[in-house]
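Visitor: So for the sequence shown, our numbering puts the first residue at 9; every next one is plus one.
Every residue, glycine too, gets a C-beta built ideally from N, C-alpha and C.
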Amino acid sequence: MRRAEFDEKERTAEQGTGAEPTRIGPAGEETGRDQVSPSEGDPEDIRLERIVFIGRTYDEYLRMFNVKPVDLKGRTVLDCPGGACSFTAKARKIGIEAIAADIAYQFDPAALEAKGRLDIGHAVQHVESLGDQYRWDEFGGPEGLRSERTRALTAAVEDMKLHPERYVAAVLPVLPFADRQFDITLSAHFLFMYNDKLDYAFHEQTLGELMRVTKDEIRIFPLVDQSSRRNGDMEKLLSFAAGNGWSAEERPSDYEFQRGAASMLVLTRN
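1) Could you spell out the range, first to last residue, of the alpha helix (DSSP H) harbouring Arg259?
2) Let me check one thing: in DSSP terms, what residues is Ala108 bridge-paired to?
3) Might you give, ordered along the chain, the residues of its own chain that have their beta carbon closer than 8 Å to the beta carbon of Arg100, omitting 5 neighbours on each side?
4) In whole angstroms, what is the alpha-carbon distance linking Lys223 and Ser235?
5) Tell whether a beta-carbon distance below 8 Å holds between Pro89 and Ala109.
6) Is there a Cβ of chain B sitting closer than 8 Å to that of Ala119, yes or no?
7) Could you spell out the range, first to last residue, of the beta strand (DSSP E) harbouring Lys223?
8) Can you tell which of Ala249, Lys244 and Ser155 has the C-alpha that lies nearest to the C-alpha of Arg220?
9) Please state whether the Cβ-Cβ distance between Glu217 and Leu275 is less than 8 Å.
10) Would the segment 137-157 and the segment 75-85 be scored as touching if the rule is three or more Cβ pairs under 8 Å?
11) Between which residues of its own chain and Pro260 is the CB-CB distance below 6 Å, once the five residues before and five after are set aside?
12) Kindly give me the distance between the Cβ atoms of Met72 and Ala164, rounded to whole angstroms, as I take these residues to be in contact under 8 Å.
13) Mind checking whether Ala97 and Gly63 have CB atoms under 8 Å apart?
14) Report, in whole angstroms, the separation of the C-beta atoms of Tyr66 and Ser94, which I expect to be a contact under 8 Å.
15) Taking the alpha-carbon positions, what's the Asp87 to Ile226 distance?
16) According to the Cβ coordinates, are Leu273 and Glu258 closer than 8 Å?
17) If you check the beta carbons only, do Gly124 and Phe190 fall under 8 Å apart?
18) Only counting the same chain, and skipping five residues up and downstream in sequence, which positions put a Cβ closer than 8 Å to that of Gly49?
19) If you draw a straight line from the alpha carbon of Leu215 to that of Ile111, how long is it in whole angstroms?
20) When the Cα atoms are used, what is the spatial distance from Asp116 to Ala178?
21) Quickly, what does DSSP pair Val60 with across the bridge? List them, please.
22) Could you please give me the residues that DSSP links to Tyr66 through a beta bridge?
23) Let's test the definition: count the other Cβ atoms within 10 Å of the Cβ of Asn278 and tell me whether it reaches 16, buried, or not, exposed.
24) Under the DSSP definition of a beta bridge, which residues are partnered with Val274?
25) Look at the alpha carbon of Thr158 and the alpha carbon of Thr84, and state the distance between them as a whole number of angstroms.
26) Note down the Cα distance separating Lys81 from Ile192, rounded to an integer number of angstroms.
27) Where Asp204 and Asp187 are concerned, what is the direct C-alpha to C-alpha distance, given to the nearest angstrom?
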């Protein structure tokens, strides 16, 4: 599906819970927690309790982004935001030059592991309460989900301890990387997921920064928010990308846990 074929959906916003907001990580559809832009406030005053630290496994990434290891070998890959995903850890083991960037990486790995285990518990409870909105054949049930999320967290934290240079602290929409430093960027469960919290300006700034640091291709998954709604500014964002020399295509994903979250955006530098 080319850019012109993207559906225009009415942009809607959900009301917050009234609790203290949590800073966004790549938690995606599983948290159901009130969250705010990671760029809001002083980066030096970010508290760990306001960060949701959850991630996906390397195998989930391959399915989400429809890539094979052979497609990535010999290329530099950015995972942003990386969160507690095990993609970088496993990719490095098979010779893929991967780097992860996330707001959470300024904290000690042991503290992140403890926070991640708490967040996994909250996420499983939340998803279980909304069972019909998810395809449980992906994990077999809530305990299968807990196992996979814990597996990703454990692998990520272990790799952080051994190779901290692979995990770069960054507060979007600014990244501490050189122009076109990475051949390909993978971005999961962040852009388009929080339409009620991240406005058009933030999406444009973040997309522009991903384009700046990426040489060839950006893949973004999914293209709907936590209620399976499209971002009403999608066409405007794609026009912004086109104006900066990038073509856009929507492609199906081999991964669908949240119902309706089954496609990705592929941006290619012209």
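Guide: On the basis of the data shown:
1) By one-based count along the sequence shown, residue 259 stands at place 251. Segment Trp254 to Pro260 is the beta strand (DSSP E) holding Arg259; no alpha helix (DSSP H) there.
2) As a working mapping, residue 108 is identified with position 100 in the sequence shown. Looking at the DSSP assignment, Ala108 forms a beta bridge with Asp87 and Tyr175.
3) For this step, residue 100 is matched to residue 92 along the sequence shown. Counting only residues of its own chain and dropping the five nearest sequence neighbours on each side, Arg100 has a CB closer than 8 Å to the CB of Ala106, Asp167, His171 and Arg174.
4) Looking up residue 223 in the sequence shown gives position 215. Looking up residue 235 in the sequence shown gives position 227. Those two C-alpha atoms are separated by around 32 Å.
5) What you label residue 89 is simply residue 81 of the sequence shown in a count that begins at 1. What you label residue 109 is simply residue 101 of the sequence shown in a count that begins at 1. Taking 8 Å as the Cβ cut-off, Pro89 and Ala109 qualify as a contacting pair.
6) No chain B appears in this structure, which consists of one protein chain only.
7) Indexing the sequence shown from 1 puts residue 223 at position 215. Here the beta strand (DSSP E) through Lys223 covers Thr222 to Phe229.
8) Within the sequence shown, the letter at position 212 stands for residue 220. Among Ala249, Lys244 and Ser155, the Cα nearest to that of Arg220 is on Ala249.
9) Here the question's residue 217 lines up with position 209 in the sequence shown. Here the question's residue 275 lines up with position 267 in the sequence shown. It is not a contact, given that the beta carbons lie outside the stated cut-off.
10) Result no; under three Cβ-Cβ pairs closer than 8 Å.
11) The sequence position of residue 260 within the sequence shown is 252, counting from 1. Correct list, in chain order: Ser271.
12) Within the sequence shown, numbered from 1, the residue matching residue 72 stands at position 64. Within the sequence shown, numbered from 1, the residue matching residue 164 stands at position 156. Incorrect: roughly 16 Å between the Cβ atoms, too far for contact.
13) Counting from one through the sequence shown, the residue named residue 97 turns up at place 89. Counting from one through the sequence shown, the residue named residue 63 turns up at place 55. Not closer than 8 Å, so no.
14) Taking the sequence shown and counting its residues from 1, the one referred to as residue 66 is at position 58. Taking the sequence shown and counting its residues from 1, the one referred to as residue 94 is at position 86. Confirmed, Cβ separation roughly 5 Å.
15) For the purposes of this step, residue 87 is taken as residue 79 along the sequence shown, with counting starting at 1. For the purposes of this step, residue 226 is taken as residue 218 along the sequence shown, with counting starting at 1. The alpha-carbon atoms of Asp87 and Ile226 are separated by roughly 10 Å.
16) In the sequence shown, residue 273 corresponds to position 265, counting from 1. In the sequence shown, residue 258 corresponds to position 250, counting from 1. Closer than 8 Å, so yes.
17) Residue mapping note: residue 124 aligns to position 116 of the sequence shown, counting from 1. Residue mapping note: residue 190 aligns to position 182 of the sequence shown, counting from 1. Using a Cβ distance threshold of 8 Å, Gly124 and Phe190 do not count as a contacting pair.
18) On the sequence shown, position 41 is the one that residue 49 refers to. At Gly49, the pLDDT of 42 sits below 50, so the modelled position is not reliable; the number obtained from the coordinates is stated separately. So the list is empty, once near-sequence residues are dropped.
19) Indexing the sequence shown from 1 puts residue 215 at position 207. Indexing the sequence shown from 1 puts residue 111 at position 103. Between Leu215 and Ile111, the C-alpha separation is close to 16 Å.
20) As a first step, residue 116 is located in the sequence shown; it is residue number 108 there, counting from the start. As a first step, residue 178 is located in the sequence shown; it is residue number 170 there, counting from the start. So the alpha carbons of these two residues sit roughly 15 Å apart.
21) Along the sequence shown, one-based indexing puts residue 60 at 52. According to DSSP, which records beta bridges pairwise, Val60 is partnered with nothing at all.
22) Sequence index remark: in the sequence shown, residue 66 carries index 58 (1-based). According to DSSP, Tyr66 bridges with nothing at all.
23) On the sequence shown, position 270 is the one that residue 278 refers to. Exposed, by the Cβ-count rule.
24) For this step, residue 274 is matched to residue 266 along the sequence shown. Beta-bridge pairing links Val274 to Arg227 and Glu257.
25) Position 150 of the sequence shown holds residue 158. Position 76 of the sequence shown holds residue 84. Within the model, the alpha-carbon separation for Thr158 versus Thr84 is close to 27 Å.
26) In the sequence shown, the residue the question calls residue 81 occupies position 73. In the sequence shown, the residue the question calls residue 192 occupies position 184. Roughly 11 Å separates the two Cα atoms.
27) Within the sequence shown, numbered from 1, the residue matching residue 204 stands at position 196. Within the sequence shown, numbered from 1, the residue matching residue 187 stands at position 179. Going by the C-alpha atoms only, they are around 30 Å apart.
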